[in-house]
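Student: In my numbering, the protein residues as written are 34 to 430. After the structure tokens below, expect a handful of questions from me.
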Amino acid sequence: MQLEHLPEEFEMARPVLQTIEQAGYEAYFVGGSVRDTILGKEIHDVDIATSAYPDEIKHLFKRTVDTGIEHGTVMILDHGTGYETTTFRSESTYTDFRRPDQVTFVRSLAEDLKRRDFTINALAMKEDGTVIDLFDGLADLKHRQICAVGDPQERFHEDALRMMRAVRFASQLNFTIVPETLAAMTSHAELLRKIAVERTQVELLKLLTGQAPQQGLTDLLTTGLWQYCPDFADHKADLERLTAQLHQGASTDLTAWTLLTTSFGLETNAITTFLKHWKTANQTISAVQMTTKTAQHLLQGPLSTWQVYQCGEDQLMIANEAAVVLGATDRSRELIAQWQNLPIQTKKALAVTGRDLMQAGVQPGPQLGAILGDLEYQVVTGKLPNEKSALVAAVTD
Ligand code: ATP
Ligand code: MG
34 MQLEHLPEEF
44 EMARPVLQTI
54 EQAGYEAYFV
64 GGSVRDTILG
74 KEIHDVDIAT
84 SAYPDEIKHL
94 FKRTVDTGIE
104 HGTVMILDHG
114 TGYETTTFRS
124 ESTYTDFRRP
134 DQVTFVRSLA
144 EDLKRRDFTI
154 NALAMKEDGT
164 VIDLFDGLAD
174 LKHRQICAVG
184 DPQERFHEDA
194 LRMMRAVRFA
204 SQLNFTIVPE
214 TLAAMTSHAE
224 LLRKIAVERT
234 QVELLKLLTG
244 QAPQQGLTDL
254 LTTGLWQYCP
264 DFADHKADLE
274 RLTAQLHQGA
284 STDLTAWTLL
294 TTSFGLETNA
304 ITTFLKHWKT
314 ANQTISAVQM
324 TTKTAQHLLQ
334 GPLSTWQVYQ
344 CGEDQLMIAN
354 EAAVVLGATD
364 RSRELIAQWQ
374 NLPIQTKKAL
384 AVTGRDLMQA
394 GVQPGPQLGA
404 ILGDLEYQVV
414 TGKLPNEKSA
424 LVAAVTD
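Pasting the structure below:
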């Protein structure tokens with residue numbers, strides 16, 4: 034197969050491949066960008082695989098960065114774009130189920146493609162658009178299926194993250210996992226325990242924000258992988274319900290977390306525990322606490338003005354999206370109107386400051402904060418106008 038029209042990103046990178054080839058080495062486009070181009074999807078980063086060793090690449094180009102030299106990856110900087118260029122490698126043994134014990138550079142493309150996870154990810158493309166397909170990846174793309182390269186049992190035993198990648202691609206691409214690969218995932222699911230949570234998290238979020246989350250979630254459930262996701266163990270029924278309800282991907286990672294915490298019925302402290310086990314950023318924890326609380330309210334009915342104010346505009350939309358998935362009425366228009374009609378949208382917009390109150394005779398100290406907080410509430414809920422004189426008068430009279 035030869036692609037006639039290469040996307041702009043590949044066209045731009047052709048001279049890089051040509052330079053490597055002119056020096057007597059092989060160079061190919063590999064990975065997700067080749068797969069996505071054949072699927073007619075947009076591509077993000079262009080990855081290059083080459084028979085040249087990292088120091089050979091560095092000799093060929095003026096500007097390079099050692100982004101992962103121990104794995105054979107050098108970034109070539111060309112006209113403002115960076116190209117990750119990785120020497121062909123074969124990965125030998127994986128005694129800890131997550132990282133190869135050693136990386137061996139090889140000169141053969143076939144060796145390099147053999148160690149890749151799925152046939153659809155094991156395609157290579159020459160700079161002229163010729164596709165090299167050693168594992169029937171093109172047929173699998175055509176049949177919209179995910180199939181491990183080689184013996185699936187061995188491949189998941191080598192690297193258990195691949196099982197999460199399989200369910201993630203099932204959702205992102207709306208593909209089915211072929212029976213043999215799915216069976217190997219079922220028998221190896223427990224090995225997911227060995228994988229760093231941060232890496233599982235990346236795949237889970239890509240699954241939930243993918244185009245066919247029902248597909249990915251169904252595979253997560255049927256293979257048993259869900260049991261080895263932090264704090265999922267007690268929530269099989271919730272996950273099944275969410276699977277039935279989630280007809281399209283969550284629009285943001287925050288929505289994805291909110292869907293989980295809301296369907297699991299988690300309260301503030303439980304959300305902290307849950308997200309800490311998933312090793313998210315602290316910022317995510319406070320945001321999800323707010324969106325979850327708001328989504329829970331939305332499942333009961335409309336929000337009060339104060340609830341709208343406290344949640345904040347972006348988080349309101351996330352809470353609404355999650356609540357709608359879980360069966361609430363879509364209140365987005367109403368919420369936007371409520372937000373726009375707020376007398377103030379942030380604390381900063383309050384017409385008095387602590388300094389103003391002190392000048393009017395209020396003593397500094399913790400009560401000052403409480404008074405300000407009360408004024409904020411009175412203004413937001415329309416009980417007091419947002420005017421300095423009225424607010425000062427309300428506390429000093
Ligand atoms: P995305 O569009 O999400 O970037 P991708 O297929 O490019 O998808 P990457 O994680 O960027 O995924 O990896 C690039 C390529 O490296 C993959 O297409 C695959 O060939 C190979 N690969 C990545 N992770 C693994 C793994 N755990 N085991 C085997 N091969 C892998
Ligand atoms: Mg990629």
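Here a beta-carbon is modelled for each residue, glycine too, at the ideal position from N, C-alpha and C. Bear in mind that the values here come from a model prediction, so they are computed numbers and not experimental data.
#1: Among Leu331, Ala181 and Gln348, which has the Cα closest to the Cα of Pro212?
#2: Got a sec, what are the start and stop residues for the alpha helix (DSSP H) Gly73 sits in?
#3: With 16 other CB atoms within 10 Å as the buried threshold, where does Gln248 fall?
#4: Measuring CB to CB, does Leu237 end up less than 7 Å from Asp286?
#5: Return yes when the C-beta of Gly64 is under 6 Å from any heavy atom of the ligand MG, and no when it is not.
#6: Mark Trp339 as exposed unless 16 or more other C-beta atoms lie within 10 angstroms of its C-beta, in which case mark it buried.
#7: I need the DSSP call for Ala266, collapsed to helix, strand or coil.
#8: Would you call Gln166 buried or exposed, if buried means 16 or more other Cβ atoms sit within 10 Å of its Cβ?
#9: Assuming Ser284 and Glu354 form a contact by the criterion Cβ under 8 Å, report the distance between their Cβ atoms to the nearest whole angstrom.
#10: Count Cβ pairs between the region 292-309 and the region 325-334 that sit closer than 8 Å; are there 3 or more?
#11: Between the alpha carbons of Gly57 and Lys91, how many angstroms are there, rounded?
#12: Need the endpoints of the beta strand (DSSP E) that Tyr58 sits in, please.
#13: Relative to the C-alpha of Asn207, which candidate in Leu240, Val63, Glu300 and Pro263 has its C-alpha closest?
#14: State buried or exposed for Thr256, treating a residue as buried only when at least 16 other CB atoms are found within 10 Å of its CB.
#15: State the start and end residues of the unbroken beta strand (DSSP E) segment that holds Ala82.
#16: Would Gln205 be called buried (16 or more neighbouring beta carbons within 10 Å of its own) or exposed?
#17: Nearer than 6 Å: is that true of the beta carbon of Leu194 relative to any heavy atom of the ligand ATP?
#18: What is the DSSP secondary structure of Tyr116, reduced to helix, strand or coil?
#19: Look up Gly101 in the DSSP assignment and give the residues it is bridged to.
#20: Note the first and the last residue of the continuous beta strand (DSSP E) segment covering Glu187.
#21: State whether the region 153-162 contacts the region 47-67, with contact taken as three or more CB pairs (one from each stretch) at a distance under 8 Å.
#22: Under 7 Å Cβ to Cβ from Gly170, same chain only, skipping five residues before and after it: list those, please.
#23: Tell me the DSSP secondary structure of Thr242 in three-state form.
#24: Report the partner residues of Ile179 according to the DSSP bridge assignment.
#25: His280 to Gly360, Cα distance in whole Å?
#26: Quick one: does the C-beta of Asn353 sit closer than 6 Å to a heavy atom of the ligand ATP?
#27: Which one of Thr119, Lys416 and Phe168 has the shortest CA to CA distance from Val136?
#28: Just list the residues that DSSP pairs Arg439 with in beta bridges.
#29: Please classify Gly443 as buried or exposed, where buried requires at least 16 neighbouring CB atoms within 10 angstroms.
#30: Looking at the secondary structure, which residues open and close the alpha helix (DSSP H) in which Arg366 lies?
#31: Using a Cβ distance threshold of 8 Å, determine whether the region 71-90 contacts the region 138-146, with at least three qualifying pairs required.
#32: Using DSSP's beta-bridge definition, name the partner residues of Thr163.
#33: Under 6 Å: does the beta carbon of Asn154 sit that close to some heavy atom of the ligand ATP?
#34: Which residue wins for smallest C-alpha separation from Asp78, given the options Ile71, Ala199 and Glu117?
#35: Using the three-state DSSP reduction, which class does Asp169 fall into: helix, strand or coil?
#36: Please report the straight-line C-alpha distance between Ile311 and Ile109, rounded to a whole angstrom.
Tutor: Put simply:
#1: Ala181
#2: Taken as a continuous stretch (DSSP letters only), Gly73 belongs to no alpha helix (DSSP H), as it is neither H nor E.
#3: buried
#4: no
#5: yes
#6: exposed
#7: coil
#8: Looking at the sequence shown, residue 166 is not Gln but Asp. Flag for Asp166 reads buried.
#9: 6 Å
#10: yes
#11: 15 Å
#12: Where Tyr58 is concerned, there is no enclosing beta strand (DSSP E), given that its DSSP letter is neither H nor E.
#13: Leu240
#14: buried
#15: Asp80 to Thr83
#16: buried
#17: yes
#18: strand
#19: Thr106
#20: Element bounds for Glu187: not the beta strand (DSSP E) but the alpha helix (DSSP H), Pro185 to Glu191.
#21: yes
#22: Thr152, Ile153, Ala155 and Leu156
#23: coil
#24: Ile210
#25: 12 Å
#26: no
#27: Thr119
#28: For the chain, the structure presents residues 34 to 430; residue 439 sits outside this window and is missing.
#29: The chain is shown only over 34 to 430; residue 443 falls outside these bounds and no answer can be derived.
#30: Ser365 to Gln373
#31: yes
#32: Gln35
#33: yes
#34: Glu117
#35: coil
#36: First, the residue type needs correcting, since residue 311 is Trp and not Ile in the sequence shown. In a straight line, the C-alpha of Trp311 is about 34 Å away from that of Ile109.
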